[in-house]
Amino acid sequence: MIDLRSDTVTRPTEPMRRAMADAEVGDDVFGEDPTVNRLESMVAERLDKEASLFVPSGTQSNLCALLAHCGRGDEYIAGDTSHIVRLEGGGGAVLGGIAPQPVATDLDGLPDAEAIAAAIKPDDCHFARTRLLCLENTKDGMVQSPQRMDHAIKVARDASLSVHLDGARMWNACVDLGVSGAELTAGFDTVSMCLSKGLGAPAGSVLSGPRALIDEARKWRKMLGGGLRQAGVLAAAGIHALTHHVERLLDDHVRATRLGETLSEIDRIEVTALNTNMIFISIDAPASDLSERLRERGVLCNVPRTRGLKEPSPYSQLSGARLVTHLDISDDDISRAVDAFAAELAGGRQ
Ligand SMILES: *Cc1c(COP(=O)(O)O)cnc(C)c1O
Numbered sequence: 026m027i028d029l030r031s032d033t034v035t036r037p038t039e040p041m042r043r044a045m046a047d048a049e050v051g052d053d054v055f056g057e058d059p060t061v062n063r064l065e066s067m068v069a070e071r072l073d074k075e076a077s078l079f080v081p082s083g084t085q086s087n088l089c090a091l092l093a094h095c096g097r098g099d100e101y102i103a104g105d106t107s108h109i110v111r112l113e114g115g116g117g118a119v120l121g122g123i124a125p126q127p128v129a130t131d132l133d134g135l136p137d138a139e140a141i142a143a144a145i146k147p148d149d150c151h152f153a154r155t156r157l158l159c160l161e162n163t164k165d166g167m168v169q170s171p172q173r174m175d176h177a178i179k180v181a182r183d184a185s186l187s188v189h190l191d192g193a194r195m196w197n198a199c200v201d202l203g204v205s206g207a208e209l210t211a212g213f214d215t216v217s218m219c220l221s222k223g224l225g226a227p228a229g230s231v232l233s234g235p236r237a238l239i240d241e242a243r244k245w246r247k248m249l250g251g252g253l254r255q256a257g258v259l260a261a262a263g264i265h266a267l268t269h270h271v272e273r274l275l276d277d278h279v280r281a282t283r284l285g286e287t288l289s290e291i292d293r294i295e296v297t298a299l300n301t302n303m304i305f306i307s308i309d310a311p312a313s314d315l316s317e318r319l320r321e322r323g324v325l326c327n328v329p330r331t332r333g334l335k336e337p338s339p340y341s342q343l344s345g346a347r348l349v350t351h352l353d354i355s356d357d358d359i360s361r362a363v364d365a366f367a368a369e370l371a372g373g374r375q
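Counting in the numbering used here, the sequence shown runs from 26 upward without gaps.
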């Protein structure tokens, strides 16, 4: 199966499985898993932060960050289409009494700087205390402009807010811009990254930042049920991913571009966005069972069942169907996927 639904569907490679099998382990809740400790120091060093924390998922990583930065009655500002606001179950509010303050997101995925400034509350008993700004990079695959991010960060800093980066796919931004992880994240107090997306590990995220905040986040991780024991088996996959699967993200970007460019030659397909390892397409009058028919041809992707492909998606800022390239998608898979679309959307590519 050619699975274009997400870059989370990758299976560990043979060398990654060997690294996992060979991992030296201990009880990480006691701080005694040498492989987890190695992963945490490796990430802290790469991002030039004081400390890091290995967590089971990106959602838990962002939630630990919210809980470490904010208390009950505080609020955080984030884009209204951001993952932390829309796709994490409202965890900060549910579990921390932390109010989200969503602000308008520009077309490039960044919350508007003026909207951020306007959302910051004065010290007044009517208001929640504004504590934190959360940005996201990449956002629906879009690499954020460093200048625009710096400007948003400055607005937050001028009001003494802390700043968190949801960098689930930050390495896609790094290879696209040709900058290091430390450069990309220098303006942020805390940074969350996923090992389980384009990097190809089976699970795990890492939260990085100042030691005091990471110590606080470690307590929250335990309370949230994220204290794992011999987690070195998973951390070994993360170390392998950071060592071998970062530069190759460029291959995913090249393949996504090729997928977009060749799909756009099919009459009924319009490619609406080509962002790092993601493309978004609109299909004119698709059959309601198009996803099932593509599946029969060996291609997995989420094409909405009905017309209205240009309607906003609940999952992303961009409309249409999202197709994602990753470690388990080869050049040949791209050609076969395009052939499957062409065959289903008859009257398309000649
Ligand atoms: C996937 C994702 C998360 C959450 O990660 P999970 O491991 O799925 O919980 C957070 N933020 C962004 C931008 C993501 O893409």
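Every residue, glycine too, gets a C-beta built ideally from N, C-alpha and C.
DSSP places Asp99 within a strand segment (E or B) once states are collapsed to three. At the C-beta level, Phe305 and Arg361 stay beyond 8 angstroms of one another. Excluding residues up to 5 positions away in sequence, His265 lie with their Cβ nearer than 7 angstroms to the Cβ of Pro40 in the same chain. A direct Cα-to-Cα measurement between Asp47 and Ala138 gives close to 48 angstroms. Contact annotation: Ala256 and Val61 have beta-carbon atoms nearer than 8 angstroms. Relative to the non-hydrogen atoms of ligand 1, the Cβ of Cys95 never comes closer than 7 angstroms to any of them. Pairwise C-beta distances place the region 245-253 in contact with the region 84-91, as three or more of them are shorter than 8 angstroms. DSSP places His189 in the strand class (E or B) of the three-state scheme.
Note: Pro136 is bridge-paired with Thr130 in the DSSP secondary-structure output. Taking C-beta atoms as the reference points, Phe213 and Leu288 fail to come closer than 8 angstroms. In this structure, Arg182 has its CB at a distance of at least 7 angstroms from all heavy atoms of ligand 1. Around the beta carbon of Gly192, 16 or more other beta carbons lie within 10 angstroms, which makes this residue buried. Distance from the C-beta of Cys219 to the nearest heavy atom of ligand 1 is below 7 angstroms. By a beta-carbon distance limit of 8 angstroms, Gly116 contacts Thr84. Their separation comes to about 7 angstroms. Around the beta carbon of Met167, 16 or more other beta carbons sit within 10 angstroms, so the residue counts as buried.
Looking at the DSSP output, Thr215 sits in a beta bridge with His189. With contact defined as three or more Cβ pairs closer than 8 angstroms, the region 143-160 and the region 183-198 are in contact. Of all alpha-carbon atoms in Val231, Gly345, Leu224, the one lying nearest the alpha-carbon of Leu275 is that of Leu224.
Distances taken from the Cβ of Lys244 to the heavy atoms of ligand 1 include none shorter than 7 angstroms.
Residue pairing by DSSP places Met303 opposite Asn300, Val349 in a beta bridge. Met218 and Met195 have their C-alpha atoms spaced approximately 7 angstroms apart. Counting every other CB atom within 10 Å of its CB across the protein chains shown gives Arg273 a total below 16, marking it as exposed. Beta-bridge annotation (DSSP): Leu78 is paired with Leu232.
Sequence-distant partners of Asp32 (beyond 5 residues in either direction) whose C-beta falls short of 7 angstroms from its own C-beta, in its chain, are Lys222, Gly223, Asn302, Val349, His351. The Cβ atoms of Asn327 and Arg30 lie closer than 8 angstroms to each other.
Comparing alpha-carbon positions, the option among Val110, Gln126, Thr210, Ala93 lying closest to Ala143 turns out to be Gln126. It is roughly 40 angstroms from the alpha-carbon of Gly285 to the alpha-carbon of Ala242.
A distance below 8 angstroms separates the beta carbons of Gln169 and Leu135. By the C-beta density criterion, Ser205 is exposed, having fewer than 16 other C-beta atoms within 10 angstroms. With a threshold of 16 other beta carbon atoms within 10 Å, Asp58 meets it and is buried.
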